[in-house]
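Same order as they appear, the protein sequences are chains A and B. So the mapping is simple: the working numbering equals the position in the first sequence, first residue as 1, plus 29. So the mapping is simple: the working numbering equals the position in the second sequence, first residue as 1, plus 55. Data block below; observations after.
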Amino acid sequence: MKKVILAFIMFFVMTSASFADSNVYITQSGASLDLDITLDGNGNAVGASNDRTLLTGANLDVDIDLIGATNTITGDFIGAGESGSDDLKISQTGSTNTTAINVGASAATDDVKILETRVGSSGATTYTIGNAATVQDVSVTVDVVGDDIDITLVENSSSTGSDKTTDIDIATDSDDVDIAVTHTGAGAHKTKLLCTGSCAGSDFTMSQTGANSTDVDLTVTNATSSDVDITITD
Amino acid sequence: MRTSILAFIMFFIMTSASFADSNVYITQSGAALDLDITLDGNANEIGSTTDKTLLTGANLDVDIDLIGATNTITGDFIGAGESGSDDLKINQTGSTNTTALNVGASAATDDVSIIENRE
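What follows is the structure in structure tokens.
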């Protein structure tokens with residue numbers, strides 16, 4: 030009898046878990062959109078199948094808040110940002126969450142500020158900035174608290190004379206942080222990386238190429254047995 | 056007229072040179088770090104404004120390679136070296152380059168081997 034009751038309870042627990050999978054797809058154009066998305070639960074997705082988040086327009090104010098585990102954000106952000114404010118804010122709370130955003134992949138993009146805040150372990154963040162389109166003044170800040178942190182950022186916009194800033198703040202006890210930041214093209218490249226807590230056994234790779242000024246500011250504590258590679262070429 | 060043309064050319068040369076300025080600042084603690092830095096270009100800096108290179112820990116393996124002119128390395132190295140190996144390797148290729156390092160300025164430092172090659 031006990032087994033039957035247990036099986037009955039387990040059925041509802043598993044059904045409840047599967048119901049938590051939600052998908053949000055957005056294809057938008059137009060200026061000054063104020064978009065707020067909050068998803069509370071596990072296994073949710075903003076975008077994908079395949080990549081159906083496309084935010085286009087000037088002065089966008091997008092706020093995406095995901096609470097739970099194994100959630101994903103995938104998509105494209107294109108437009109002219111609003112001076113002095115964050116155009117795209119992402120907050121992920123929970124473990125094994127993923128962010129993969131392209132900025133300015135298919136059209137001109139200017140003066141965009143992105144702020145991602147992540148609390149949780151085993152997450153992965155990927156930003157790809159610029160492609161064939163003219164992209165400039167894109168600033169990405171990623172603040173992460175948790176273990177086993179992976180962040181990959183590729184800034185390859187071709188514009189000249191603009192600030193291309195990557196700012197990563199990490200607080201971790203994970204002993205396994207993998208950060209890869211690649212800046213190419215002209216423009217003033219800046220990378221600031223702060224890893225506090227225990228950043229041991231980690232890999233930090235920064236490569237910046239371009240004819241303009243370049244800054245790399247790296248602060249790492251307890252970086253026992255870590256590997257840091259910084260390559261800058263004019 | 057020649058003076059004006061020369062001044063015009065000199066302006067672009069000087070502007071180009073100033074664009075080459077790159078800065079790398081590192082503040083690190085922890086043993087057995089493997090750090091490789093390669094800077095290719097002129098007037099680049101590792102450390103300073105002021106002195107933001109601080110490498111702390113035992114058995115560090117630091118390799119700094121600067122290629123170009125008027126490059127500078129400034130900072131502090133603190134820790135216990137690894138027996139039988141170079142803990143800090145500096146390679147500067149180019150003219151008018153500067154290296155200014157403090158070793159063990161603020162904490163115990165032991166058995167450190169530093170090698171600098173300059174051409």
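For each residue, glycine too, the CB sits at the ideal point set by N, CA and C.
Collapsing the DSSP output to three states places Thr201/A in a strand.
Taking 8 Å as the cut-off, the Cβ atoms of Thr155/A and Thr128/A count as close. Using a Cβ-Cβ cut-off of 8 Å, Gly134/B is close to nothing in chain A; its nearest Cβ partner there is about 12 Å away. In this model, Gly102/B and Leu156/B are separated by some 10 Å (Cα to Cα). In the structure shown, Thr127/A adopts extended strand secondary structure according to DSSP, grouped into three states. Nearest to Thr129/B by alpha-carbon distance, out of Thr105/B, Asn146/B, Ser138/B, Ala113/B, is Thr105/B. For Asn185/A, the closest alpha carbon among the candidates Ala215/A, Asp177/A, Ala209/A is that of Ala215/A. The residue among Gln237/A, Ala229/A, Gly113/A, Phe233/A with its C-alpha nearest the C-alpha of Ala217/A is Gln237/A.
With respect to the 8 Å criterion, Asp131/B and Thr108/B are classified as neighbours on the basis of their beta carbons. Of the other Cβ atoms in all chains shown, 16 or more fall within 10 Å of the Cβ of Leu94/B; this residue is therefore buried. With 16 or more other CB atoms across the displayed protein chains lying within 10 angstroms of its CB, Ile208/A is buried.
Beta-bridge partners of Glu174/B (DSSP): none assigned.
For Lys221/A, the secondary structure class from DSSP, reduced to helix, strand or coil, is strand. Per DSSP, the continuous beta strand (DSSP E) segment holding Leu182/A begins and ends at 178–184. The Cβ-Cβ distance between Val148/A and Val141/A does not fall below 8 Å.
Across the stretch 74–98 of chain B, CB contacts with chain A closer than 9 Å involve Phe74, Ala75, Asp76, Ser77, Asn78, Val79, Tyr80, Ile81, Thr82, Gln83, Ser84, Gly85, Ala86, Ala87, Leu88, Asp89, Leu90, Asp91, Ile92, Thr93, Leu94, Asp95, Gly96, Asn97, in sequence order along the chain.
For Val249/A, a Cβ of chain B is located within less than 8 Å of the residue's own Cβ. Contact with chain B is absent for Ala209/A, since none of that chain's Cβ atoms lies less than 8 Å from the residue's Cβ. Counting every other CB atom within 10 Å of its CB across the protein chains shown gives Asp166/A a total of 16 or more, marking it as buried. A distance of 8 Å or more separates the beta carbons of Ile143/A and Leu182/A. Here Thr56/A is exposed. Its C-beta has fewer than 16 other C-beta atoms within 10 Å. With respect to the 8 Å criterion, Cys224/A and Ile199/A are classified as neighbours on the basis of their beta carbons. Contact annotation: Gly136/B and Ala229/A have beta-carbon atoms that are not nearer than 8 Å. In the displayed model, Gly96/B falls within coil according to three-state DSSP, outside both helix and strand. With at least 16 other beta carbons inside 10 angstroms of its own, Thr248/A counts as buried. Runs of the beta strand (DSSP E) spanning 3 or more residues and lying entirely within the stretch 81–165 of chain B occur at 89–95, 108–111, 116–122, 127–133, 143–148, 153–158, in chain order.
Against chain B, a Cβ distance below 8 Å from Asp65/A picks out nothing, because the smallest value is about 37 Å. Just measuring C-alpha positions, the residue of Ile133/B, Ile145/B, Glu100/B sitting nearest Asp166/B is Ile133/B. Fully contained in the stretch 211–260 of chain A are the following beta strand (DSSP E) runs of length 3 or more, in chain order: 217–226, 232–238, 243–249.
DSSP links Asp92/A through a beta bridge to Asp65/A, Lys118/A.
The beta carbon of Ala77/A lies closer than 7 Å to those of Thr101, Thr103 in the same chain, with the five residues before and after it left out. As the crow flies, the alpha-carbon of Asp244/A is around 24 Å from that of Ala162/A.
Against chain B, the CB of Asp192/A has no partner CB under 8 Å away; the residue lies outside that interface. Per the C-alpha coordinates, the member of Ser255/A, Ser61/A, Ile261/A positioned closest to Gly108/A is Ser61/A. Judged by DSSP in its simplified three-state form, Ser51/A adopts coil rather than helix or strand.
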